[in-house]
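A.B. asks:
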Amino acid sequence: MPEKKYLFTPGPTPVPPPVLAAMGEPVVHHRSPDFKPIYERCLTRLRDVCRTQRDVLLFTASGTGAFESAVANLVTPGEPHLVVSAGNFGERWAAMAGAYGAVVDHLRYAWGETPEPDDVRGRLREREARAVWIVHSETSTGVVADVQGIAAAAGEAGALVVVDAVSSLGAIPCETDAWGLDVVVSGSQKALMTPPGLGTCAVSEAAYAATGTAPRFYFDWERTRKAQAQLDAAFTPPVSLVAALDVALGLLLDEGLEAAFDRHVRLGRAARAGAKAMGLELFSPDEDRSAVVTAIRSPEGVDSGDVVRGLRDRFGMTIANGQGELNGKIFRLGHIGWFDVFDIVTMLAAVEIVLADLGAEVERGAAVTAALEAYEHQAVA
Ligand code: PLP
243 MPEKKYLFTP GPTPVPPPVL AAMGEPVVHH RSPDFKPIYE RCLTRLRDVC RTQRDVLLFT
303 ASGTGAFESA VANLVTPGEP HLVVSAGNFG ERWAAMAGAY GAVVDHLRYA WGETPEPDDV
363 RGRLREREAR AVWIVHSETS TGVVADVQGI AAAAGEAGAL VVVDAVSSLG AIPCETDAWG
423 LDVVVSGSQK ALMTPPGLGT CAVSEAAYAA TGTAPRFYFD WERTRKAQAQ LDAAFTPPVS
483 LVAALDVALG LLLDEGLEAA FDRHVRLGRA ARAGAKAMGL ELFSPDEDRS AVVTAIRSPE
543 GVDSGDVVRG LRDRFGMTIA NGQGELNGKI FRLGHIGWFD VFDIVTMLAA VEIVLADLGA
603 EVERGAAVTA ALEAYEHQAV A
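Using the numbering used here, you'd call the opening residue of the sequence shown number 243 and step up by one each time.
#1: Only counting the same chain, and skipping five residues up and downstream in sequence, which positions put a Cβ closer than 7 Å to that of Q431?
#2: Give a single yes or no on whether T624 has its beta carbon closer than 7 Å to a heavy atom of ligand 1.
#3: For V610 and A533, I'd like the C-alpha separation in whole angstroms.
#4: If you check the beta carbons only, do A490 and V261 fall under 8 Å apart?
#5: At what residues does the beta strand (DSSP E) containing R350 begin and finish?
#6: At what residue ranges does the segment 425-481 contain a whole run of the alpha helix (DSSP H), taking only runs of 4 or more?
#7: Does at least one heavy atom of ligand 3 sit under 7 Å from the Cβ of P258?
#8: Is it the case that the segment 558-578 contacts the segment 503-513, given that we only count it when at least three CB pairs across the two stretches are under 8 Å?
#9: Please report the straight-line C-alpha distance between R367 and C284, rounded to a whole angstrom.
#10: Quick one: what's Y248 bridged to in DSSP?
#11: Less than 7 Å between C-beta atoms, sequence neighbours within five positions excluded: which residues of the same chain meet that for R514?
#12: Per DSSP, what kind of secondary structure is V604 in: helix, strand or coil?
#13: Roughly how many angstroms lie between the CA atoms of D555 and F573, to the nearest whole one?
#14: Straight-line CA distance for L600 to V544?
#15: Quick one: does the C-beta of D406 sit closer than 7 Å to a heavy atom of ligand 1?
#16: State the Cα-Cα distance for the pair G400 and L495, rounded to the nearest angstrom.
#17: Which residues does DSSP pair with H625 in a beta bridge?
Here you go:
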């Protein structure tokens, strides 16, 4: 019997069969009529998923590459930028903006804290900034920030707002136009249910107008924007990935964004209820907004690396360890994209067995029932 593999990380995430099948279609030429309709439909669907009227730029890169496009296009060396961080990815963006010569004001929270709009407002009163850089869903901690409130604070101060929506887009509400988000960056391998390799970037007219002088070429927004407007990609796009993303976005839009958001809220509730019923302590906030990844403290005396290894070795399941200073202390259960409640139940049941094996005191048999019950109630009115 071949070993069954389960991918329960917060990215990459499981890919539905029709999306995988699209990857297996013959390769077409990117400037031929075989590709253009796929490209056009994919770009239109991306606009719908980003909830924007503007074109969404598509880059052959992971989320970090798409984010680097924002840094490369918006930074003028020597000018001030406010980077808000509360975990691994916020810290990465502070380092990246610094590497491009921005004068970085770093509003730094402890990992696991939730950034507050009023803190951003206060900071912008003290020091001006061309843009505020914020992570929507900080995958390293499970915290989801109030991006709408932070965008409002940035807008009051005349600063642009750039959002890392790599693990949030398609899982939780991210209203690009309605919330006045200038740049929204995401990647294919999370809630967009596609293999890794495509980065997306929604850009406002104000952000296009504010482009800086940092050097750039491949990631130049104007070059990509003009080419996409003609359906004539600036560089060879990964045609198979674009075809796959097109199918995945179609699946997401067929489900309906509101229905997908509702499902993610309930998946988060189920994961938290199950973990608590087992007697575990949550690291990520116990709130509906925290619907992307559930971070759980490893019980006293148990290294979370051993939990991760145990799940992999015994059950072929991949979950995530903590990152940086949280390595060994927390483990993270991803539930973004193509997940249902039985995935949550499966991961909880396996965590329970592995923790018991490792000598932790866990309540046996309670998690699955608690998770199933928590999933039942509709979340979004
Ligand atoms: N930002 C967040 C919130 C993420 O979860 C990730 C992926 O792990 C990234 C950025 C980096 O994206 P990538 O690994 O696709 O470059």
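C-beta: ideal position from N, C-alpha, C; glycine also.
In this text, all values refer to a predicted model and were calculated from it rather than measured experimentally.
C.D. replies: According to the structure shown:
#1: G253, P254, T255, P437 and P438
#2: Nothing in the structure corresponds to residue 624, since the chain is present only between 243 and 623.
#3: A straight-line Cα-Cα distance of about 18 Å links V610 and A533.
#4: In contact: A490 and V261 (Cβ atoms closer than 8 Å).
#5: V345 to R350
#6: Qualifying alpha helix (DSSP H) stretches, in chain order: 447-451 and 463-471.
#7: For the structure depicted, ligand 3 is absent and the ligand set comprises only ligand 1.
#8: yes
#9: Going by the C-alpha atoms only, they are around 41 Å apart.
#10: Residue pairing of Y248 in beta bridges, as defined by DSSP: M559.
#11: Its chain contains L524, D528 and T536 as the residues whose beta carbon lies nearer than 7 Å to that of R514, once the 5 sequence neighbours on both sides are disregarded; these appear in chain order.
#12: DSSP places V604 outside both helix and strand once states are collapsed to three, so it counts as coil.
#13: 16 Å
#14: 7 Å
#15: At least one heavy atom of ligand 1 lies closer than 7 Å to the C-beta of D406.
#16: 34 Å
#17: Here the chain covers residues 243 to 623 and nothing more, so residue 625 does not appear.
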